[in-house]
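Right, one structure below, let's go through it.
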Amino acid sequence: MYLARLKLVLLVLVGTLIGIACYAFVYAKGYSYLVNDPSACANCHAMNEQYSGWIKSSHHSAATCNDCHTPHNFLGKYAVKASNGFFHSFYFTTGKYPDTIQITKFDREVVEGACRHCHAAITQAIDGNNVHGTAEGIHCTRCHLSVGHSESSAVLQLPQHLRRIHERQ
Amino acid sequence: NIFERKQEARNPFYRVVELNDTVDDPAVWGKNFPMQYDLYMGTTDMQRTKYGGSEAEPRTPTQADPRSVVARSKLEQDPRLKTMWAGYAFSKDYRERRGHAYMLADQTFTERQQFNPPGACLNCHASMVTIYNQLGNGDRNKGFQAINHMKYAEARQYAKHPIACIDCHDPQNMQLRVTRPAFIEGIKTLKASQGVADYDVNRYATRQEMRSYVCGQCHVTYYFKPPDKTLTFPWTKGLTVENIIAHLDEGKIKEWEHPDTGAAMIKARHPEFEVWNMGVHARSGVACADCHMPYTRMGGLKISDHHVNSPLLKINRSCQTCHHFSEEELKARAEEIQDRFFTLRNTALDALMDLIGDIKANKNKATPEQLAKARDYQRHGQYMIDFIMSENSMGFHAPQEAERILGSAINQCRLGQLALHGGPEPSHTPAGIAEAPDKGALAGPEKTNH
Amino acid sequence: NIFERKQEARNPFYRVVELNDTVDDPAVWGKNFPMQYDLYMGTTDMQRTKYGGSEAEPRTPTQADPRSVVARSKLEQDPRLKTMWAGYAFSKDYRERRGHAYMLADQTFTERQQFNPPGACLNCHASMVTIYNQLGNGDRNKGFQAINHMKYAEARQYAKHPIACIDCHDPQNMQLRVTRPAFIEGIKTLKASQGVADYDVNRYATRQEMRSYVCGQCHVTYYFKPPDKTLTFPWTKGLTVENIIAHLDEGKIKEWEHPDTGAAMIKARHPEFEVWNMGVHARSGVACADCHMPYTRMGGLKISDHHVNSPLLKINRSCQTCHHFSEEELKARAEEIQDRFFTLRNTALDALMDLIGDIKANKNKATPEQLAKARDYQRHGQYMIDFIMSENSMGFHAPQEAERILGSAINQCRLGQLALHGGPEPSHTPAGIAEAPDKGALAGPEKTNH
Ligand SMILES: [Ca+2]
Ligand SMILES: [Ca+2]
């Protein structure tokens, strides 16, 4: 009896997971069409903060959303779309997402890769020896968190009304 | 993995000279890395800040001490320190630290030499890798033991340079490495106390951790463990001042007897690493090098500023990378923290002076029990004050913890006086009122999600 | 400015009903702003955190006190508080604060009512705008004076609601406004002490400052100024605990006599505003509302969370808007600060218990001079402990300053004991050793140079 119910629960679980996965796959495909058109990201008001931040950022003329948020090596591209796709589809299926959106660990690594892709030249000296610990060595975003969107600091993502008074002198 | 292969490709290694573990002269390393070398040579500069930096004090060189410039004497700035360390080397001569370039000379010529210190002193004041290898025939640990057992004068003959490239870097690939057996052993015992067995720092530490560990080889409190004066970091129970006192008490360590009071004393020394660990910066994964060796652009590259000094002398590259407030504001914040620390530090020193004076005055009047208690309070209260005062950031590295230590030390000193004057037994917080957990755990990158 | 225009845009104004200063019922305002109203009603929720939040304690309602749920008693959690406040209302009944919805009931039914408090109490526990206008015929200040002079029971009859929309908002444009004469006067005297004459908060305060000032109307320490019991904030010399004690001493304020010791006592109350001011958050321009009323998404809009409660119950919306660390990590940081505070707070309370016990035991043995000294130390030391303990963030709002206050208070308590037992005169830091400057200045946006 108990086992039977457990099986049922498992089945339902697996079912939904597959569902989401497929959805994610489809979504991931759609996602790739958005590539390199930031305004497409901004279709979603959920992305407005980042979009308006990006407009003002040092990278406005240098990098689009996906220059930073999709990997620059073939292997990863597929994975990240699935991952972002999952979160995005998760949002569509549930309609729920946090008030303050947090980047996933995985996507943070993607961004790190992106920095290095473009800034290999200037960072080669500091980034040369990364035998210790994680392969990517130190995280650029520990100090340059705000380059993509917003004038806030590495430590802080100050809300709009504080950013105005917190700009670097 | 892909990334590392990329690295190999763009590693800018102009092998002008071949480097290996026999090359200790930084000038030779400098041929391969001229920019880092130039910055490294800059540690001879002396410029002060409100509480830190370094101030050049001219002096007329003598036969015994050829230095024409020294750092300011802390003893002259605050005479209470002489009473605090009466009977011990530090009451003779104790100055402000200055740049790495001076470490060997300042140790060689300090008047503390009159107390003929052991060779173990050299571990943190000279470039040691070649010395360890030479004395241990390739076995650094053996070499370390040899140095510990020598007299300072004897050991000193081997030293040619202050800390140099070879002490922090692997000559093959320039990656950071820990070369000091005392730290390798110390961090091992610490990790063990946290349930991590056989921790090998050079194998398991992340790169970000290494950016602090290389400093932790010297900027820590230590003692010379009897019988053979082995340089030891008292970390077996954790890094809080309470953990460290517990370790020293367990070992019945007595570094000197205070002449005014007869108390069995212990001395704290520059625990920057331990205190930094208690602060929110460490907790956020901010390493010593992030603030004291910030990146600087040179040519088309960004490199680490090897002119290690006060970050308040380079706020724009240090603090402002992470904090987008003006330089004046960031300086003001650091100084507000330091001022607040300095105020309570003075209250604590007053309490300590009162205790020492009180014991001295009552040596013959008080009962042996009373004296024993008062001396115990002095041993512990004074160590706590010493610990956080000989930490060199004037409270900045861990503002809240620094004041907590002072507050608890003040209590100890005053209780010592009360013991002498027949005050009642101190009461204790009733059980059931929750106690705050121990803070011994090593903070740092792994604790954060970056 | 841009932001405000954004706000307007984000908050389309559906004028369902016409609002003015005669409309005190929040339900009516709620017709125009249903979302803020729903959130505001949420302050009846009770959920606890490690040191804060609120825990519901069921009780059987009585004729005298119909409340079926109350907050936990701080006196039962830590019996030392009863000794601390012996002879004063707070030793009878002192509970944890809870949501705004309860403020009027909790004041009406606290057992402290047995000490028949003045009408002045009402200023911070009820919606007052209409009451002020009514009693002062349109002159709020007159109405304020009237309330102060009444007995509580009499004043209470006028009160219909706990704090409501009208107390923080201008009904015409919904802008924040300060409605409490005590704060208008208090901040004026404070600014005067800083050389700013005739400061009119409703005219000169920036919007960001108002996001804290509206809270500072109540979350501050206060006393009823003799002869006419006017509700007063003791800020003429600044906001540090030392500044405030100096103000109270100057006015020879004595709120009660401690029965065990005969000391002339003063009572501190919830100085959240003063303590927040000493912290780095205030210095960075972070307002009460940024943490306690963070923006929250409702429908397509971002509105302020009017369910005012512990930010640790909404870390994602509160802390994470600024700090890029996980919720667990941010909670752990807040609790580490609180634990560290709680440890020294317990040491300080022990010292205070010892002093009180000591004076009591030596009342007849000690000389009048000794007793006078000891009582003075109790008055000041206890006030400092009370100040930082009745501040409700358990040290979080200003971690370093909180420990500094405790450290200094511990010194006072122990010195009081020493005075009784014939200890020597305490020594003082020699002149010439720089003193840290006073911290009385109001921190916050204007101090930082943006
Ligand atoms: Ca220095
Ligand atoms: Ca509460």
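Residue numbers (this note's numbering), protein chains in the order written: chain A, 417 to 585; chain B, 705 to 1154; chain C, 705 to 1154. Glycine included, every Cβ here is placed at the ideal spot set by N, Cα and C. Quick caveat: nothing in here was measured; it's all calculated off a predicted structure.
Neighbourhood of residue i by C-beta, 6 angstroms cutoff - its chain only, sequence neighbours within 5 removed
i	result
residue 845 of chain C	885
residue 1116 of chain B	1081, 1084, 1085
residue 892 of chain B	903
residue 754 of chain B	1039
residue 929 of chain C	936
residue 1078 of chain B	1063, 1120, 1123, 1124
residue 925 of chain C	972, 973, 975
residue 922 of chain C	828
residue 775 of chain B	758, 799, 800, 802
residue 734 of chain C	741
Chain B within 9 angstroms of residue i, Cβ atoms only
i	result
residue 1085 of chain C	no
residue 460 of chain A	no
residue 1015 of chain C	no
residue 1125 of chain C	yes
residue 559 of chain A	yes
Range of the contiguous beta strand (DSSP E) that encloses residue i
i	result
residue 1094 of chain B	Premise fails: residue 1094 of chain B lies in the alpha helix (DSSP H), 1072 to 1094, not in any beta strand (DSSP E).
residue 1035 of chain C	Looking at the DSSP string, residue 1035 of chain C is not in any beta strand (DSSP E); the run it does join, the alpha helix (DSSP H), is 1031 to 1066.
residue 926 of chain C	No beta strand (DSSP E) holds residue 926 of chain C; DSSP gives it neither H nor E.
residue 999 of chain B	999 to 1002
residue 1008 of chain C	1005 to 1008
residue 934 of chain B	934 to 936
residue 775 of chain C	773 to 775
residue 761 of chain B	760 to 762
Exposure label - residue i; buried when at least 16 CB within 10 Å
i	result
residue 763 of chain B	exposed
residue 861 of chain C	exposed
residue 490 of chain A	Confidence in residue 490 of chain A is poor, its pLDDT being 49 and thus under 50, which makes the residue's placement too unreliable to answer from.
residue 438 of chain A	Unreliable placement is indicated for residue 438 of chain A, whose pLDDT of 42 sits below 50; no coordinate value is reported for it.
residue 1132 of chain C	exposed
residue 464 of chain A	exposed
residue 1065 of chain B	exposed
residue 548 of chain A	The predicted position of residue 548 of chain A is uncertain, since its pLDDT is 39 and thus under 50; a value taken from the coordinates is nonetheless stated next. So residue 548 of chain A ends up on the buried side.
residue 830 of chain C	buried
residue 720 of chain B	exposed
residue 1010 of chain C	buried
residue 1137 of chain C	exposed
residue 793 of chain B	buried
Contact with chain A by residue i, beta-carbon distance below 9 angstroms
i	result
residue 1004 of chain C	yes
residue 801 of chain B	no
residue 1007 of chain B	yes
residue 1024 of chain C	yes
residue 877 of chain C	no
residue 915 of chain B	yes
Contacting residues, own chain, Cβ-Cβ under 8 angstroms from residue i (five flanking each side not counted)
i	result
residue 1134 of chain C	none
residue 1164 of chain B	Past the boundaries of the shown model lies residue 1164 of chain B; chain B is included only from 705 to 1154, so the question cannot be answered.
Start and end residues, alpha helix (DSSP H) containing residue i
i	result
residue 1017 of chain C	Premise fails: residue 1017 of chain C is in no alpha helix (DSSP H) and is neither H nor E.
residue 1106 of chain B	1103 to 1124
residue 846 of chain B	844 to 853
residue 455 of chain A	454 to 457
residue 907 of chain B	905 to 908
residue 539 of chain A	521 to 543
Minimum Cβ-Cβ distance from residue i to chain C less than 9 angstroms
i	result
residue 858 of chain B	no
residue 985 of chain B	no
residue 1104 of chain B	yes
residue 975 of chain B	no
residue 1135 of chain B	no
residue 520 of chain A	no
7 angstroms Cβ shell around residue i - same chain, five flanking residues per side excluded
i	result
residue 821 of chain C	856
**Request:** Could I get the ranges of all uninterrupted alpha helix (DSSP H) runs contained in the region 959 to 997 of chain B, with 4 residues as the minimum, in chain order?
**Result:** 976 to 980, 984 to 987, 992 to 996
**Message:** In chain order, what are the residue ranges of uninterrupted beta strand (DSSP E) at least 3 long that sit wholly in the region 785 to 813 of chain C?
**Reply:** none
**Prompt:** What are the uninterrupted segments assigned as beta strand (DSSP E) that are 3 or more residues long and contained completely in the region 859 to 901 of chain C, given in chain order?
**Reply:** none
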